[in-house]
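First up is the structure itself, then whatever we jot down about it.
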Amino acid sequence: MHKFARMERLPPYVFAVVNELKMQMRRQGVDIVDLGMGNPDIPTPKHIVDKLNEAALKGVNHRYSASRGIAGLRLAIANWYLRRYGVELDADTETVVTMGAKEGMAHLALVMLQPGDVVFATDPAYPIHPYAAIIAGADVRRIPIGKGRDFFDDLMAATRQTWPQPKSLVVSYPQNPTGEVVDVAFFDKLVEFAKEHDIMIIHDLAYADLCFDGYKAPSFLQAKGAKDVGVEFFSLSKSYSMAGWRVGFCCGNKEMVHALTRIKSYLDYGIFQPIQIAACTALNGPQECLHEICEVYRDRRDALIEGLSRAGWDVPSPKATMFVWAEIPDEYKAMGSVEFSKLLLKEGHVAVSPGLGFGHFGDDHVRFSLVENRQRINQAMRGIKRVLSGGA
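Throughout the sequence shown, residue numbering follows the numbering used here, covering 156 to 547 in sequence.
Right, dumping it as structure tokens:
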């Protein structure tokens, strides 16, 4: 049997354990409330779908498109950044359209890195952040984040202890899975650190619009000198509820954008053009839908936090993202996140994501995704209360 070196470097997929059990139970007729995968259930706003339908009826849009994205979409991206963040971008040299953020990050790692390079990623982290580097053949050093930690102290300690010096750092705020948030001052400090240590920054802004309680997420590119050291990815998946459309973009440092643009020219012919045209409508059109989508997630967040509290499980209410990062109750913590997730599934009929899937430092947490309506969330909370009360 042939061995595939890059596959050998990937660890077992932790989420598969819970997913397989979930499917077994569903085949047996058990009603599972699935709060595991962060797969948005809110329909894409009608005006965006209407533009897709209109564009899809035109035969000229059925041909190969532009790998780096059509000019109109790249201009829409630049204008979107200017309106929202006051950040000026050259649509031709500082933007490139990607097939969602994951594809872009994976291909950027492939073109930037070589075996022996070191990449820093947070722990916990969304899996593609460290695994893109691993697939590219580089080595990953994890920087722990979370309650009671100072990110920059840990970052400095890791830099001093790492040889060769790290080539890049991947971060994401608001953060998946922890929900941690930062301000522009954090990014200013990050840029200073990157310049001092010659590190490239990759920032994932996937949850820019899912912010609550008055918090507004900044863009990394708002930091002074950010374009000198890094890029930012954004996906329309969450903000505009366009997850299955697979459209996102990378903006910032010209050299990094050019590298991604060039490797993509060898690998794809671009996203189906009607999708890109509809994405222009999303970015340029009415933005009320952002608030409406955010309000749905806020309501679900409140229902989940209140339900956990009624079950005797006190969890902080996140200021952003479509997730709730919950520390496992003390009496169950020794089980670890995989076994605890299996317990909630088997006894409470609720699927969650084990924190171990996001990194070693996540093993004392589980992640809830806000992808079911309030009624289903309330049902899930009753199941969890039953588990935590010993079945009473």
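From the three backbone atoms N, C-alpha and C, an ideal C-beta is built for every residue, glycine too.
Sorted by chain position, which residues of the same chain lie with C-beta nearer than 8 Å to residue i's C-beta, five sequence neighbours on each side aside?
| i | result |
| --- | --- |
| L165 | Y286, I289, I290 |
| P319 | G271, D272, V273 |
| V412 | T248, E249, T250, V251, V386, C405, C406 |
Which residues in the same chain as residue i place their Cβ atom closer than 7 Å to its Cβ, once the five residues preceding and following it in sequence are excluded?
| i | result |
| --- | --- |
| A547 | Any reading at A547 must be qualified, since the residue scores a pLDDT of 47, below 50, and its modelled position is unreliable; the value itself is stated next. No residues qualify anywhere along the chain. |
| V242 | Y236, S374, L376, Q377 |
| K257 | I283 |
| V521 | A481, I483, S492, F495, S496, V507, S508, P509, G510 |
| H504 | V185, D186, I187, V188, G538 |
| V172 | V493 |
| R529 | D454, R455, A458 |
| A466 | M536, I539, K540, L543 |
Start and end of the alpha helix (DSSP H) containing residue i?
| i | result |
| --- | --- |
| L463 | 443 to 465 |
| P580 | The question about residue 580 has no answer here: the residues shown for the chain are numbered 156 through 547. |
| R297 | Not the alpha helix (DSSP H): R297 falls in the beta strand (DSSP E), residues 294 to 299. |
| V346 | 339 to 352 |
| M260 | 255 to 267 |
| D469 | That residue, D469, is in no alpha helix (DSSP H); it is neither H nor E in DSSP. |
| Y286 | 283 to 290 |
Tell me which same chain residues have a C-beta within less than 6 Å of the C-beta of residue i, skipping the five on either side of it?
| i | result |
| --- | --- |
| I298 | F275, T277, D309, L310, A313 |
| F367 | R453, K474 |
| C444 | P200 |
| D272 | A293, K322 |
| A261 | A287 |
| S390 | G255, A256, A361, G403 |
Can you tell me the Cβ-Cβ gap for residue i and residue j, rounded? I've got them flagged as a contact below 8 Å.
| i | j | result |
| --- | --- | --- |
| E335 | I283 | That belief does not hold up - the Cβ atoms of E335 and I283 are roughly 18 Å apart, past 8 Å. |
| N331 | F478 | 6 Å |
| C405 | T248 | About 12 Å; that fails the 8 Å criterion. |
| L525 | Y452 | 5 Å |
| Y589 | I203 | Nothing in the structure corresponds to residue 589, since the chain is present only between 156 and 547. |
| Q431 | G224 | 6 Å |
DSSP has residue i in a bridge; who is on the other side?
| i | result |
| --- | --- |
| H520 | E482 |
| A407 | A small fix is needed here, since residue 407 is Gly in this sequence, not Ala. In DSSP, G407 forms a bridge with V386. |
| V505 | V188 |
| T314 | T314 pairs with nothing; no bridge assigned. |
| T277 | I298 |
| A326 | A small fix is needed here, since residue 326 is Val in this sequence, not Ala. Beta-bridge pairing links V326 to H358. |
| A475 | C366 |
| T250 | C406 |
Just reading off the beta strand (DSSP E) that residue i is part of, what are its end residues?
| i | result |
| --- | --- |
| D359 | 355 to 359 |
| S390 | 385 to 390 |
| V402 | Counting along the chain, V402 falls outside any beta strand (DSSP E), and DSSP gives it neither H nor E. |
Touch test, the region 229 to 240 against the region 468 to 482, Cβ-Cβ under 8 Å, three pairs minimum: Here the region 229 to 240 makes no contact with the region 468 to 482; the two share fewer than three CB pairs at distances below 8 Å.
The region 373 to 387 contacting the region 358 to 365, beta-carbon criterion three pairs below 8 Å: yes
Stretch-stretch touch, CB-based, cutoff 8 Å, three pairs: the region 213 to 225 with the region 410 to 427: The region 213 to 225 makes contact with the region 410 to 427: 3 or more CB pairs, one atom from each, lie closer than 8 Å.
Cβ pair count under 8 Å reaching 3, the region 439 to 450 against the region 410 to 423: no
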